[in-house]
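Quick mapping for you: the protein sequence lines, in order, are chains Z and R. Anchor point for the first sequence: position 453 equals 452 in this note's numbering, and the numbering is continuous, going up by one each time. Just add 18 to the spot in the second sequence (first one is 1) and you have this note's numbering. Structure record follows, encoded as structure tokens.
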Amino acid sequence: MKVGRRSFLSFIIGGAAGTALSPLPWKLTDDLSIWTQMWPWTPVPKDGAVSYAGSTCTLCPAGCGINVRMVDRRAVKIEGMEGHPINDGGICILGLSGLQLLYGPTRVKSPMKRAGNRGSGRWVSISWEEALEEVAGKLTEIRAQGRPEALAVFSGKRRGTVPALLSRFMTAFGSPNFVTAASTQDSYELALHRMQGVQAAAGLDLANTDFLLSFGSGILDGWGSPVRMFKAHSALKDGGGKLVQIEPRLSNTAAKADQWISIQPGTEAALAFGLAHVIILEKRYRTQFVSEYGGEFEEFRQMVMADYTPDKVAKITGIDPKTIVTLAREFSRSSAPLAVCGKGGGDTPGSMNEFFAVHALNALVGGINRPGGIWAVPEPGDFGWPDPEMDETAARGMQQDRLDGAGAPPYVATAALPNRFFEAVAGGKGYPLDALFVVESNPCFTEPDPETVKAAFSKIPFVVSFSSFMDETAQNADLILPNHVYLERYEDVPNPAGFNRPFVGLVQPVVDPQFNTRNVGDAVIALAQGVGDPVASAFGWDGYEACLEEAYPDQWDSLTSEGYWMAEDFDPAPWPEAFETASGKFEFVPEGLQRGYVPAEIAGEKGGFPLVLTPYDTMRISSGYVGNPPFMTKTVPAEVLKGKELLVELNPQTADQLGFSEGGRAVLTTPTGAANVRVHLYDGIMPGLVAMARGLGHTAYDKYLADKGTNVNRLIGPTADPVSGLNAAWGIRAKLTRA
Amino acid sequence: MKQERPKKFGMVIDLDKCTGCGACLVACMSENNVPFKPDESDKLTSITWMRVYQLNNGKPYPETDICYLPRPCQHCEGDHGHSPCVSVCPATATDYGMETGIVSQIYTRCFGCRYCMAACPYHARYFNWWDPVWPDGMEKYLNPSVSVRMRGVVEKCSFCYHRYQTAKDKAIYQFAEGERDSTDLEEDEYQTACTQACPAGAIIFGDLNNPSHRVHQIAQPDEKHAGRPKNPKAFRLLERLGTNPKVYYLSSRDWVRRAGDNYLEGEGKLKRH
Chain Z
0 MKVGRRSFLS
10 FIIGGAAGTA
20 LSPLPWKLTD
30 DLSIWTQMWP
40 WTPVPKDGAV
50 SYAGSTCTLC
60 PAGCGINVRM
70 VDRRAVKIEG
80 MEGHPINDGG
90 ICILGLSGLQ
100 LLYGPTRVKS
110 PMKRAGNRGS
120 GRWVSISWEE
130 ALEEVAGKLT
140 EIRAQGRPEA
150 LAVFSGKRRG
160 TVPALLSRFM
170 TAFGSPNFVT
180 AASTQDSYEL
190 ALHRMQGVQA
200 AAGLDLANTD
210 FLLSFGSGIL
220 DGWGSPVRMF
230 KAHSALKDGG
240 GKLVQIEPRL
250 SNTAAKADQW
260 ISIQPGTEAA
270 LAFGLAHVII
280 LEKRYRTQFV
290 SEYGGEFEEF
300 RQMVMADYTP
310 DKVAKITGID
320 PKTIVTLARE
330 FSRSSAPLAV
340 CGKGGGDTPG
350 SMNEFFAVHA
360 LNALVGGINR
370 PGGIWAVPEP
380 GDFGWPDPEM
390 DETAARGMQQ
400 DRLDGAGAPP
410 YVATAALPNR
420 FFEAVAGGKG
430 YPLDALFVVE
440 SNPCFTEPDP
450 ETVKAAFSKI
460 PFVVSFSSFM
470 DETAQNADLI
480 LPNHVYLERY
490 EDVPNPAGFN
500 RPFVGLVQPV
510 VDPQFNTRNV
520 GDAVIALAQG
530 VGDPVASAFG
540 WDGYEACLEE
550 AYPDQWDSLT
560 SEGYWMAEDF
570 DPAPWPEAFE
580 TASGKFEFVP
590 EGLQRGYVPA
600 EIAGEKGGFP
610 LVLTPYDTMR
620 ISSGYVGNPP
630 FMTKTVPAEV
640 LKGKELLVEL
650 NPQTADQLGF
660 SEGGRAVLTT
670 PTGAANVRVH
680 LYDGIMPGLV
690 AMARGLGHTA
700 YDKYLADKGT
710 NVNRLIGPTA
720 DPVSGLNAAW
730 GIRAKLTRA
Chain R
19 MKQERPKKFG
29 MVIDLDKCTG
39 CGACLVACMS
49 ENNVPFKPDE
59 SDKLTSITWM
69 RVYQLNNGKP
79 YPETDICYLP
89 RPCQHCEGDH
99 GHSPCVSVCP
109 ATATDYGMET
119 GIVSQIYTRC
129 FGCRYCMAAC
139 PYHARYFNWW
149 DPVWPDGMEK
159 YLNPSVSVRM
169 RGVVEKCSFC
179 YHRYQTAKDK
189 AIYQFAEGER
199 DSTDLEEDEY
209 QTACTQACPA
219 GAIIFGDLNN
229 PSHRVHQIAQ
239 PDEKHAGRPK
249 NPKAFRLLER
259 LGTNPKVYYL
269 SSRDWVRRAG
279 DNYLEGEGKL
289 KRH
């Protein structure tokens, strides 16, 4: 067939007319407008009666009061509680994101039993009865074999009724292996124990401080009780007080400080001695305190006078001697100076040498138990529970050594040594474990060198996780008994980090449990009953709520009406009664400080690893048990996380020497591991250092968090502090090579 | 009821106190049903009504200094309500509220031409390239006071206008019930989510026209000169563009105040306003 001009045109025109008459163009136009404004599938939030429910946040040890805005039975917003002694209306980024955890996709929705190999991600959902029966059966078996010490518990918290119930369970069962995660709070407690002879938490009287000297503590980067620290900083600014930050990296704290002094990392204790030198030389110390309550002061004086002149300290720390002298003068001249230590967010316990040196500095200026200083706040009691009855099996089990070596020489005063626990189990030291409970913690992610933790897991045949979320540890467990999320449960939060009065916050359910979960407290009581007497007889409560109420008989009214209880009229012990050391004085030179400054060593040789890797903490990344909720990950700058790649900070000068430019890809190698990273040039970091954000690199959780960046803990193994035995690794030697 | 004097809601952000923690971002996202995607590291498509920028003084170690600058919508008044975005919107989807000084955004009117985004010198406006998706169950936390936006429209900070409406409704009800003397709101009755959340207390919000409000006292806006701050520590972003914004910033650092506008290199010291 021949196609002529006429037939071609009539085909085109006819086709066009036909198409125009057909529904197609209108359908396409309609689709286009739908494409631009397709509304029916966007959710329309249901309206309802608005109310507020008060509770306490448990996402970090800060103990902030929260007010949850409810629309009918839905929680729609978390706000800070006005007038609360800790946060007074303020709230941090993690606290604000709490509802994404409550309603998030990574919740464990019912008890789960492993169906495939460990870590394969294949689970079957089982009932609570089946789950509890299985665990109780396993526990009965362990006891029947006469080795109750083969059960261990790893708890993210040490204070409060839930850890107390776990600890009680272990005692009645017969195992000494109750292990708790550690932080700078533990180091502070040990410092107070050794220097003041007291069992107490360190409370900071921030309201009356006018000079805050921070040895690398991330005052504005998540250290201690973050909102309280933020408020204290703003109050310092308003009141003309001063914050001095000593740190090799321009952190947010350093940037906000009135003065940033960069220091060779790990030499902070030497600077504290240098300041003490100037203060003693110029007789700027609190004479009354030192002469009446200063134990071994002469020894301390001789040590700092001989070895820590500004010039010598300058050589160690890299700080100009004039700066040291000026800082010492300003610090001691202030009416209420306060020095704090414990690096970054305070998750790493740190070097006791440094804690002792900094605490001695506070003592020199008379800041112990004084307004604006550091207070010994008594630990909450044992809740008045009668000692659990132990049978012969339990008594024999409790006499076994703890696997982590805590409480025995050389670490007599340390409560638990998480780092040594996993090393011991992985290395097959001591006796084998048959079962491990993991409660409110995620050691397969948060502990230094998680590979060791996983190796330890592989030696334990039965691992039970009580996590609310499918985190790395839950993934590697055999059974998950999911806890309620904090917004669904009761709990107590005693002695929030760094608070200077005895205090208990009450966690109360604001919504009904969303899934088939149970409070760990209830699960423990049920397990005790499942194991039978004599363990069961130590748990006479009907449930956890009854137990909690009974634990705070005098405080309960205040807890339920205010949401917290506080010892309003608490005053720290005055000097004559404050020190319970052998001499009754403040020990300036406790054991562990006799040799003066001891460098906080890190792993690796300078030859093979010319750089030093240090982790840093930021408010925008949650690095603890709770993984970053999507809102928080959204706020992470593109200079920290780009796509799935993490960027490490490098000084432009160092980058130049190594041939890196902005965004360049590199392999970061340390003695512990290696990772692919990209380089971000940052002028605010000391040349020779590589800084990496802590808290990324999850392999578990959802598509909003998993496989983004690298877990810095994977690159830095623990180093045991010689005094406490706790992890003191502030970094590790490293090298960067082009990828 | 007597005619109320027009309000001019505005903000003062103290950059000496702001720590860059990001609480304001999340308070805003949580309050205003702002969605999130699996990857939010491309900041051009990442919707953050409140965004925190990091400024630096450009000096090498150890003289380096950084400062964080939170940037909500600046709610520009321009000249008599001719703010840059309002002037260009062909759909009247964004408008300047003469009663409150708040620049509105009406999602159902917006057809996504994005002229306003081009006109806004502060990058305060965001386009929904995708429909919002909440993981199963998470839509439970959505706030019924704020409508969820759809693909194809522009959105931005509203100074939590729904909170103003709620407070106002409550005041009118109480006035009708004889529980209060007027429907005028007290300073603390209407506060934005970011102001309320800020753990450092760096954000202050209120009526710039009301001499008893802290924003007025701190910023000291000069009405004769289009609201320029009389407080020497205060500045506004890109002051010289004449956008007449209602967000004031405070800083004691010279380089930070200077970073608030595009000064030429040799332009001498920052002039006091």
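In this text, a Cβ means the ideal position worked out from N, Cα and C, and glycines have one as well.
Report the rounded CA-to-CA distance for R:GLU205 versus R:GLY284, giving the unit in angstroms. Position 187 of the second sequence, counted from the first residue, corresponds to residue 205 of chain R. Position 266 of the second sequence, counted from the first residue, corresponds to residue 284 of chain R. If you take the alpha carbons of R:GLU205 and R:GLY284, they lie about 43 Å apart.
Which chain Z residues are close to R:MET29, counting only those with a beta carbon under 7 Å from its beta carbon? Numbered from 1 along the second sequence, position 11 holds the residue referred to as residue 29 of chain R. Around R:MET29, no beta-carbon contact reaches into chain Z at under 7 Å, the shortest distance being about 17 Å.
Assuming Z:ARG193 is part of the alpha helix (DSSP H), what are its boundary residues? Against the first sequence, residue 193 of chain Z aligns to sequence position 194. Taken as a continuous stretch (DSSP letters only), the alpha helix (DSSP H) holding Z:ARG193 covers 183 to 195.
Mind checking whether the beta-carbon of R:CYS39 lies closer than 8 Å to any heavy atom of the ligand SAM? In the structure on display, the ligand SAM does not appear, and there are no ligands present to speak of.
Looking at the unbroken beta strand (DSSP E) that takes in Z:GLY504, where does it start and where does it end? Working through the first sequence from its first residue, we reach residue 504 of chain Z at position 505. The continuous beta strand (DSSP E) containing Z:GLY504 extends over residues 502 to 506.
Proximity to Z:ALA271 [Cα-Cα], best of Z:ARG594, Z:ARG113, Z:ASP682, Z:ASN361: As a first step, residue 271 of chain Z must be located in the first sequence, where it is residue number 272. Measuring from the Cα of Z:ALA271, the nearest candidate turns out to be Z:ASN361.
Applying a beta-carbon distance threshold of less than 7 Å, which residues of chain Z neighbour R:ILE317? Beyond the ends of chain R as shown, which are 19 and 291, falls residue 317 of chain R; an answer cannot be given.
For Z:ASP30, which of helix, strand or coil comes out of DSSP? Counting from 1 along the first sequence, the entry for residue 30 of chain Z is found at position 31. Of the three classes helix, strand and coil, the one that applies to Z:ASP30 here is helix, per DSSP.
Check whether the Cβ atoms of Z:GLU140 and Z:GLY529 lie closer than 9 Å to each other. Locating residue 140 of chain Z in the first sequence gives position 141, counting from the first residue. Locating residue 529 of chain Z in the first sequence gives position 530, counting from the first residue. Contact: no.
Which of helix, strand or coil DSSP assigns to Z:VAL152: The residue you call residue 152 of chain Z lines up with position 153 of the first sequence. Strand at Z:VAL152.
Please name the residue in R:PRO139, R:LYS248, R:VAL52, R:THR37 whose C-alpha comes closest to that of R:ASN161. Reading the second sequence from its first residue, position 143 is the one you call residue 161 of chain R. When only C-alpha atoms are compared, the closest one is R:VAL52.
Which partner residues does R:ALA252 have in the DSSP bridge list? Start at 1 with the first residue of the second sequence, and residue 252 of chain R comes out as number 234. Per DSSP, the beta bridge partners of R:ALA252 are R:LEU268.
Measure the C-alpha to C-alpha separation of Z:THR347 and R:ASN249 and round it to an integer number of angstroms. Translated into the one-based positions of the first sequence, residue 347 of chain Z becomes position 348. Translated into the one-based positions of the second sequence, residue 249 of chain R becomes position 231. Rounded to the nearest whole angstrom, the CA to CA distance from Z:THR347 to R:ASN249 is 44 Å.
Short CB-CB distance (under 9 Å) between R:THR37 and chain Z: By 1-based counting over the second sequence, the position of residue 37 of chain R is 19. Judged by the 9 Å Cβ criterion, R:THR37 is in contact with chain Z.
Could you check how far apart the C-beta atoms of Z:TYR624 and Z:GLU439 are, in whole angstroms? I think they sit under 8 Å. If you number the first sequence from 1, residue 624 of chain Z lands on position 625. If you number the first sequence from 1, residue 439 of chain Z lands on position 440. In this structure Z:TYR624 is in contact with Z:GLU439, their Cβ atoms being roughly 6 Å apart against a cut-off of 8 Å.
Answer with yes or no whether the minimum CB distance from R:MET19 to chain Z is below 9 Å. In the second sequence, residue 19 of chain R corresponds to position 1, counting from 1. Note that R:MET19 scores 47 on pLDDT, short of 50, meaning its location in the model is unreliable and no value can be drawn from it.
Sequence-distant residues of its chain with Cβ nearer than 6 Å to Z:LEU101 (five each side left out): Sequence index remark: in the first sequence, residue 101 of chain Z carries index 102 (1-based). Answer for Z:LEU101: VAL484, LEU486, listed in chain order.
Using a cut-off of 7 Å between C-beta atoms, extract the partners of R:LYS61 located in chain Z. One-based indexing of the second sequence puts residue 61 of chain R at position 43. Neighbours of R:LYS61 across chain Z, judged by C-beta separation under 7 Å: ALA637.
Please report the distance separating the alpha-carbon of R:MET135 from that of R:SER101. Against the second sequence, residue 135 of chain R aligns to sequence position 117. Against the second sequence, residue 101 of chain R aligns to sequence position 83. C-alpha separation (whole angstroms): 12 Å.
Identify which residue in Z:ARG488, Z:SER126, Z:ASN518, Z:ASN482 has its Cα closest to the Cα of Z:PRO508. Sequence index remark: in the first sequence, residue 508 of chain Z carries index 509 (1-based). Answer by Cα proximity: Z:ARG488.
So the candidates are Z:VAL588, Z:ASN251, Z:GLN144; which of them puts its Cα closest to the Cα of R:ASP83? Locating residue 83 of chain R in the second sequence gives position 65, where the first residue counts as 1. Looking at the Cα atoms, Z:ASN251 is the closest of the given residues.
Between R:VAL70 and R:LEU33, how many whole angstroms is the CB-CB distance? I'm expecting something under 8 Å. Position 52 of the second sequence, counting from 1, holds the residue named residue 70 of chain R. Position 15 of the second sequence, counting from 1, holds the residue named residue 33 of chain R. Between R:LEU33 and R:VAL70 the Cβ distance is about 11 Å, and since that is not below 8 Å, they are no contact.
Beta carbon of Z:ILE90 nearer than 9 Å to that of R:ALA111: For the purposes of this step, residue 90 of chain Z is taken as residue 91 along the first sequence, with counting starting at 1. For the purposes of this step, residue 111 of chain R is taken as residue 93 along the second sequence, with counting starting at 1. For the 9 Å CB-CB criterion, Z:ILE90 and R:ALA111 do not form a contact.
Nearest by alpha-carbon distance to R:GLY146: which of R:ASN228, R:CYS131, R:ASP202 is it? Numbered from its first residue, the second sequence carries residue 146 of chain R at position 128. One detail in the question is off: residue 146 of chain R reads as Asn in this sequence, not Gly. R:ASN146 has its Cα closest to that of R:CYS131, out of R:ASN228, R:CYS131, R:ASP202.
Going by other Cβ atoms of all chains shown within 10 Å of its Cβ, with 16 needed for buried, is Z:ILE262 buried or exposed? Numbered from 1 along the first sequence, position 263 holds the residue referred to as residue 262 of chain Z. So Z:ILE262 ends up on the buried side.
Got a sec: which bits of the segment 165 to 180 of chain Z sit with their beta carbon under 7 Å from any beta carbon on chain R, in order along the chain? Correct list: empty, as no residue qualifies.
Can you have a look at Z:GLN198 and say buried or exposed, based on whether 16 or more other CB atoms are within 10 angstroms of its CB? For the purposes of this step, residue 198 of chain Z is taken as residue 199 along the first sequence, with counting starting at 1. Label assigned to Z:GLN198: exposed.
How would you list, in chain order, the residues of chain Z whose beta-carbon sits under 9 Å from the beta-carbon of R:LEU259? Along the second sequence, one-based indexing puts residue 259 of chain R at 241. None at all; the shortest Cβ gap to chain Z is about 26 Å.
Please report the residue range of the alpha helix (DSSP H) in which Z:THR170 lies. Here residue 170 of chain Z refers to the residue found at position 171 of the first sequence. Element bounds for Z:THR170: 160 to 172.
Would DSSP call R:GLU285 helix, strand or coil? Here the question's residue 285 of chain R lines up with position 267 in the second sequence. If DSSP states are grouped into helix, strand and coil, R:GLU285 belongs with coil.
Show which residues of chain Z have a CB atom less than 8 Å away from the CB atom of R:ARG216. Position 198 of the second sequence, counted from the first residue, corresponds to residue 216 of chain R. Here residue 216 of chain R is Cys; the residue named in the question, Arg, does not match the sequence. Those are GLY89, listed as they occur along chain Z.
Helix, strand or coil for Z:GLY493? Go by DSSP, reduced to three states. Here the question's residue 493 of chain Z lines up with position 494 in the first sequence. Strictly speaking, residue 493 of chain Z in this sequence is Pro, with Gly absent from that position. Looking at Z:PRO493 - three-state DSSP - the assignment turns out to be strand.
Apart from the five residues just before and just after R:GLY99, which ones in its own chain have a Cβ nearer than 7 Å to its Cβ? As a first step, residue 99 of chain R is located in the second sequence; it is residue number 81 there, counting from the start. Annotation for R:GLY99: TYR114, MET116 place their beta carbon closer than 7 Å to its own, counting only its chain and skipping 5 residues before and after.
Less than 9 Å between the beta carbons of Z:ASP470 and Z:TYR703, yes or no? Within the first sequence, numbered from 1, the residue matching residue 470 of chain Z stands at position 471. Within the first sequence, numbered from 1, the residue matching residue 703 of chain Z stands at position 704. For Z:ASP470 and Z:TYR703, no; Cβs fall outside 9 Å.
Contact list for R:LYS158 against chain Z, beta-carbon separation under 7 Å: Position 140 of the second sequence holds residue 158 of chain R. Simply ARG73, TYR102.
I need the straight-line Cα distance from Z:SER124 to Z:SER466, nearest angstrom please. Working through the first sequence from its first residue, we reach residue 124 of chain Z at position 125. Working through the first sequence from its first residue, we reach residue 466 of chain Z at position 467. The alpha-carbon atoms of Z:SER124 and Z:SER466 are separated by roughly 15 Å.
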